[in-house]
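**Q**
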Amino acid sequence: MPTSTGANDLNDEKGVADTNGFHGRVAAYFKDLAELLETGDYSDLVVSCTDGTTFKVHKSIVCAHSKFFATACRPGVFKEGLEGRVDIEYAKTEVVRCMLEYLYTLNYPEGASDESAIIFHVKMYSAGDLFQIPSFKDLAKQKFEAQAEDMKNTADFLTAAQLAYESSLTSDRGLREVVVKVCAKNYDELESIDGFKQMMSVVGELGADICAGQAEKIRGLITKVGELGIVKETLTTHLAKWEGFEQHTCSACNVTSGMQKNLLTSKWDTVYSKTLFCEVGVLSFRAEKREANFSNGPDSILAFVKLKCLAVW
1 MPTSTGANDL NDEKGVADTN GFHGRVAAYF KDLAELLETG DYSDLVVSCT DGTTFKVHKS
61 IVCAHSKFFA TACRPGVFKE GLEGRVDIEY AKTEVVRCML EYLYTLNYPE GASDESAIIF
121 HVKMYSAGDL FQIPSFKDLA KQKFEAQAED MKNTADFLTA AQLAYESSLT SDRGLREVVV
181 KVCAKNYDEL ESIDGFKQMM SVVGELGADI CAGQAEKIRG LITKVGELGI VKETLTTHLA
241 KWEGFEQHTC SACNVTSGMQ KNLLTSKWDT VYSKTLFCEV GVLSFRAEKR EANFSNGPDS
301 ILAFVKLKCL AVW
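Residue numbers are given in UniProt numbering: position 89 of the sequence shown equals residue 89, and the series is strictly consecutive.
(1) Leaving out five residues on either side along the sequence, give the residues of the same chain with a beta carbon under 8 Å from the beta carbon of Leu100.
(2) Identify whether Ser48 lies in helix, strand or coil by the three-state DSSP scheme.
(3) Would you mind stating whether Ser116 and Asn153 have Cβ atoms separated by less than 8 Å?
(4) Grouping DSSP H, G and I as helix and E and B as strand, with all else coil, what is Lys152?
(5) Confirm, please, whether the CB-CB distance from Leu175 to Ala184 is below 8 Å.
(6) Work out the CA separation of Gly229 and Ile218 for me, nearest whole Å.
(7) Tell me, please, whether the segment 141-156 touches the segment 77-88 by the rule of three or more beta-carbon pairs shorter than 8 Å.
(8) Would you mind stating whether Phe136 and Tyr102 have Cβ atoms separated by less than 8 Å?
(9) Taking only the alpha-carbon atoms, compute the straight-line gap between Gln142 and Tyr42 and give it to the nearest angstrom.
(10) Roughly how many angstroms lie between the CA atoms of Tyr125 and Ala215, to the nearest whole one?
(11) Along the chain, where does the alpha helix (DSSP H) that runs through Val122 open and close?
(12) Out of Val182, Ser201 and Ile193, point me to the one whose CA is closest to Gly213's CA.
(13) Among Gly207, Thr159, Lys59 and Arg97, whose alpha-carbon lies nearest the alpha-carbon of residue 323?
(14) Residues bridged to Ile88 by DSSP?
(15) Along the chain, where does the beta strand (DSSP E) containing Thr54 start, and where does it finish?
(16) Tell me where the alpha helix (DSSP H) around Cys98 begins and ends.
(17) CA-CA distance, Ala127 and Ala91?
(18) Are there 16 or more other CB atoms within 10 angstroms of the CB of Gly197, so buried, or fewer, so exposed?
(19) For Ile133, which three-state DSSP category applies?
(20) If you run the structure through DSSP and keep just helix, strand and coil, what is Ser201?
(21) Starting from the Cα of His65, find the closest Cα among Ser201, Gln132, Ile118 and Arg25 and give me that residue.
(22) Closer than 7 Å by C-beta to Tyr108: which residues in its own chain qualify, once you throw out the five before and the five after it? Chain order, please.
(23) Just how far apart, CA to CA, sit Gly195 and Thr71?
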């Protein structure tokens with residue numbers, strides 16, 4: 001009966017089943033638990049569904065992970081605890097089967113139902129809430145999110161999104177946050193679908209959340225535009241500064257450096273020391289005027305400037 005076991009995810013770092021080590025022992029343990037659910041050996045509790053299907057389970061397992069079963073089986077409080085039988089009236093047999101399988105294997109089969117997987121994961125999440133199994137809800141949310149992000153079938157996604165809202169409380173943001181995130185990511189595509197607009201109008205909370213999500217997205221873009229404006233202003237300032245530099249190469253060491261143009265065109269009579277930025281870091285250079293010939297104008301002094309690295313000066 002059980003088709004999934006925790007052993008499926010317990011592999012070593014190389015992706016090969018560790019049959020002899022710790023992971024192998026854990027996998028064998030889950031396999032043994034799955035067989036207990038299948039055979040009903042040593043069971044002390046019967047779970048009955050509305051169609052007459054029954055499951056022989058073990059209180060030590062189901063009560064340890066489910067507050068629903070722990071409360072129902074509390075000695076001397078409810079008849080279930082006295083009779084050793086729990087009747088499930090609010091969930092279909094397939095849902096109960098997968099829920100119990102999770103309690104024994106920490107997983108549930110993806111193909112347990114003929115309906116779309118993404119819709120089935122919503123029902124598993126709802127079952128986790130009904131039977132008060134937080135980790136079961138977490139797994140169902142993880143599987144739902146993977147299907148929603150892929151979104152191969154838009155119609156199935158919309159059906160699952162509506163069901164996620166209709167089957168959960170406003171305070172339960174688990175699947176709702178996933179729905180809003182996926183809708184925001186694919187809004188341009190979904191907006192042209194009539195079913196999407198209808199869903200937003202029918203499920204008021206969903207429509208409100210999507211609108212709020214889009215508004216937040218726009219506010220984020222506005223903030224980024226503002227930040228880009230600041231960046232542009234800063235870069236413009238730096239550009240103006242660097243446009244005022246000219247590159248020159250040290251005649252002694254061939255290191256290229258930059259010196260401000262206004263320094264190079266000054267009428268120097270003495271040796272000028274300046275820290276310059278170059279391709280290999282920040283180095284100290286000295287600019288020496290070799291001749292004092294300004295017959296061709298101030299700019300001609302560029303021809304007589306010689307840069308020498310202090311290391312070889």
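Glycine included, C-beta positions come from ideal geometry on N, C-alpha and C.
**A** Well, looking at it:
(1) Leu37, Val47, Phe55, Val57 and Val62, listed in sequence order.
(2) strand
(3) Using a Cβ distance threshold of 8 Å, Ser116 and Asn153 count as a contacting pair.
(4) Coil, per DSSP.
(5) Contact flag unset, no.
(6) If you draw a straight line from the Cα of Ile218 to the Cα of Gly229, it comes to about 17 Å.
(7) By the C-beta criterion, the segment 141-156 is judged not to be in contact with the segment 77-88, since fewer than 3 inter-stretch pairs fall below 8 Å.
(8) yes
(9) Taking the straight line joining both Cα atoms gives about 33 Å.
(10) C-alpha separation (whole angstroms): 28 Å.
(11) Ala117 to Leu130
(12) Val182
(13) There is no way to answer for residue 323, as the model of the chain reaches only from 1 to 313.
(14) Cys49
(15) Thr54 to Val57
(16) Thr93 to Thr105
(17) 8 Å
(18) With the sequence shown as reference, residue 197 is identified as Lys, and Gly is not the correct amino acid for it. When all chains shown are included, Lys197 counts as exposed.
(19) coil
(20) helix
(21) Gln132
(22) Ser4, Cys98, Glu101, Tyr102 and Met124
(23) 42 Å
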